[in-house]
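A.B. asks: Sharing a structure here in structure tokens format.
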Amino acid sequence: MNITDTLIHTLKGRSQRSNLCEIPPFKEYYPSIKNMSPQQRTFYRYLEKELSHHRYPPVDGNISYLFVYTYNIINQWEKKGLEYIYLALVELAEAYYYEKKFADYCNCWSYDCLLALKHYEDYLVVSEPEDIFSVNGQLGNMRCNVSYYLHRPVKAIDLLVMLGGKITRYTKSHATAFRDFLETSFAEDTERHGPWLQRLLSAQKSAQTYEHMFFTGVPVNTQLELSIPYYCFYAAYTLHDNFQELIRTAENRLREAHNMPKVGEGWVSETELYYALKQAFPQTQVVQHGHPEWLGKQHLDIWFPRWKIAVEYHGTQHFEPVEIFGGEQGFAAVQERDERKLRLCTENNVVLIVATERDSHDDVIQQVKQAYSSNTKL
1 MNITDTLIHT LKGRSQRSNL CEIPPFKEYY PSIKNMSPQQ RTFYRYLEKE LSHHRYPPVD
61 GNISYLFVYT YNIINQWEKK GLEYIYLALV ELAEAYYYEK KFADYCNCWS YDCLLALKHY
121 EDYLVVSEPE DIFSVNGQLG NMRCNVSYYL HRPVKAIDLL VMLGGKITRY TKSHATAFRD
181 FLETSFAEDT ERHGPWLQRL LSAQKSAQTY EHMFFTGVPV NTQLELSIPY YCFYAAYTLH
241 DNFQELIRTA ENRLREAHNM PKVGEGWVSE TELYYALKQA FPQTQVVQHG HPEWLGKQHL
301 DIWFPRWKIA VEYHGTQHFE PVEIFGGEQG FAAVQERDER KLRLCTENNV VLIVATERDS
361 HDDVIQQVKQ AYSSNTKL
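Residue 307 in the UniProt record's numbering sits at position 307 of the sequence shown, with consecutive numbering throughout.
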């Protein structure tokens, strides 16, 4: 059983309201038990006991209590192992998803666990950005480093997250289609000028590696360091404008494509479904156009990497020949791709849910709930 399978069995806690009348306020940087008042310490001991039994009382924004508990968990990595720490961090992130700052830190530290375990494939799966328009230089740079170490071509979205770019509101409202066009433009540019990661290093006067320590912000007893070479790919500033040109090319192709209403309508329907699922399951990671490595060049329309559930939106072209999608020949190709995707999902223990225009958002949400419930009973 791999880490993701184990996680599905582990996530079982439910938030419960504290029996204590009031939660003593506790919001500090680098909090510890030592700087708690007697009242704060009493609540913390209660919280600590509940969390140890996979029960998750609300803290009403007083996330310093949660950080103290999490620091203690992380500092047990030598005794309990990094896999245990990884599962504990993801469990906390999903249980307290509504405390976004805390959940974001837990997710970041859980990625560190995978890197320290040298589970680089798993890292690339679970760390894929949910919002491709939200700049996160550290995450994007690390994903570039792991791809470079594995001799894998980097994804355009990793550079987009790392470097950012000027994105129009229209593009943001058609994120799924834009991503496809960006990856196409990126592949064409790579074919003409060579791999981007090598170019980013070559563009620097003296590219060098740096130390990268894990668990940033945690007062750790023992330091853990990344064991693969760590470069600053974003330091190739002369190439930033080149990437911006690829963004603009993808945006222009998106606009041209939307002169064909049927294609646009399909993307809009899929995007609406993605946002409905993201809103329905805020406690876990929901990725639009997920690209797990085992799927090759194909993608999953909507991907729950931690729950191992995928949702595919199938328009008319998946059920009958449509002239705009290549007629009979295009239909045969679509069927072949659909069969391959289903087979690979089955082989990798992923539940694949197919949604059509006849399905309401509530129908699909219920199917995801049933799939998750079935996974937890395995």
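Even glycine gets a Cβ: it sits at the ideal position worked out from N, Cα and C.
Treat the numbers as computed from the prediction; the structure is a model and nothing was measured.
In this structure, does DSSP put Ala187 in helix, strand or coil?
C.D. replies: helix
A.B. asks: Start and end of the alpha helix (DSSP H) containing Val334?
C.D. replies: Counted as a single uninterrupted DSSP element, the alpha helix (DSSP H) harbouring Val334 occupies residues 327-347.
A.B. asks: Quick check: the Cα distance between Tyr46 and Thr222, rounded to an integer number of angstroms?
C.D. replies: 28 Å
A.B. asks: Say whether the stretch 305-318 touches the stretch 279-287, bearing in mind that this needs 3 or more beta-carbon pairs closer than 8 Å, one atom from each stretch.
C.D. replies: yes
A.B. asks: Quick one: what's Phe304 bridged to in DSSP?
C.D. replies: BP columns for Phe304 point to Ile309.
A.B. asks: So, at 6 Å on beta carbons, what are the nonlocal neighbours of His212 in its own chain, with the 5 sequence-adjacent residues on each side left out?
C.D. replies: Leu226, Tyr230
A.B. asks: Might you give, ordered along the chain, the residues of its own chain that have their beta carbon closer than 8 Å to the beta carbon of Gln76, omitting 5 neighbours on each side?
C.D. replies: For Gln76, where only same-chain residues beyond five positions count, the Cβ hits under 8 Å are Tyr84, Ile85.
A.B. asks: Here's a check: name, in chain order, each residue in its chain whose Cβ is nearer than 6 Å to the Cβ of Glu28, leaving out the five neighbours to either side.
C.D. replies: Ser64
A.B. asks: Measure the alpha-carbon distance for Val126 versus Thr271 and round it to whole angstroms.
C.D. replies: 21 Å
A.B. asks: Between Leu139 and Cys106, is the Cβ-Cβ spacing less than 9 Å?
C.D. replies: no
A.B. asks: Going by C-alpha distance, which of Pro58, Tyr148, Phe281, Leu201 is nearest Thr238?
C.D. replies: Leu201
A.B. asks: Count the other CB atoms, across all protein chains shown, that sit within 10 Å of the CB of Lys262; report buried if there are 16 or more and exposed otherwise.
C.D. replies: Annotation note: pLDDT 33 at Lys262 (below 50); position unreliable, coordinate value reported separately. Classification of Lys262: exposed, given that the 10 Å Cβ count is below 16.
A.B. asks: Would you mind sorting Asn145 into buried or exposed? The rule is 16 or more other CB atoms within 10 Å of its CB.
C.D. replies: buried
A.B. asks: For Glu48, which of helix, strand or coil comes out of DSSP?
C.D. replies: If DSSP states are grouped into helix, strand and coil, Glu48 belongs with the helices.
A.B. asks: So Leu273 packs on Ile302, CB below 8 Å; how close in whole Å?
C.D. replies: 7 Å
A.B. asks: Output the boundary residues of the alpha helix (DSSP H) element that contains Ile146.
C.D. replies: Here residue 146 is Val; the residue named in the question, Ile, does not match the sequence. Val146 -> alpha helix (DSSP H) spans 137-149.
A.B. asks: Rounded to a whole number of angstroms, what is the C-alpha to C-alpha distance between Glu312 and Gly296?
C.D. replies: 16 Å
A.B. asks: Alpha carbons only, please: which of Asp158, Tyr120, Glu121 is nearest the one belonging to Asn136?
C.D. replies: Asp158
A.B. asks: Starting from the C-beta of Thr190, find all residues in its chain whose C-beta is less than 8 Å away, skip the five residues before and the five after it, and write them out in chain order.
C.D. replies: Pro153, Trp196
A.B. asks: Do you know offhand how far Leu11's Cα is from Val322's?
C.D. replies: Any reading at Leu11 must be qualified, since the residue scores a pLDDT of 47, below 50, and its modelled position is unreliable; the value itself is stated next. For Leu11 and Val322, the distance between alpha carbons rounds to 43 Å.
A.B. asks: So Cys345 and Ala310 are in contact, right, with Cβ under 8 Å, and what is the actual spacing, rounded?
C.D. replies: 6 Å
A.B. asks: Where does Pro261 fall in DSSP's three states?
C.D. replies: Unreliable placement is indicated for Pro261, whose pLDDT of 33 sits below 50; no coordinate value is reported for it.
A.B. asks: Determine whether the beta carbon atoms of Leu300 and His291 lie at a separation below 9 Å.
C.D. replies: yes
A.B. asks: Tell me which same chain residues have a C-beta within less than 7 Å of the C-beta of Glu130, skipping the five on either side of it?
C.D. replies: Result list for Glu130: Gln285, Val286, Val287, in chain order.
A.B. asks: From the DSSP secondary-structure annotation, give me the bridge partner or partners of Gly290.
C.D. replies: Gly290 is bridged to Leu300.
A.B. asks: Just verifying my parser: in three-state terms, what is the DSSP assignment at Val161?
C.D. replies: helix
A.B. asks: Which word fits Lys80, buried or exposed, when buried means at least 16 other C-beta atoms lie within 10 angstroms of its C-beta?
C.D. replies: exposed
A.B. asks: Can you give me the Cβ contacts of Gln244 inside the same chain, cut-off strictly under 7 Å, excluding the 5 residues immediately before and after it?
C.D. replies: These residues qualify, in order along the chain: Gly165, Lys166.
A.B. asks: Between the beta-carbon of Phe319 and the beta-carbon of Phe325, is there less than 9 Å?
C.D. replies: no
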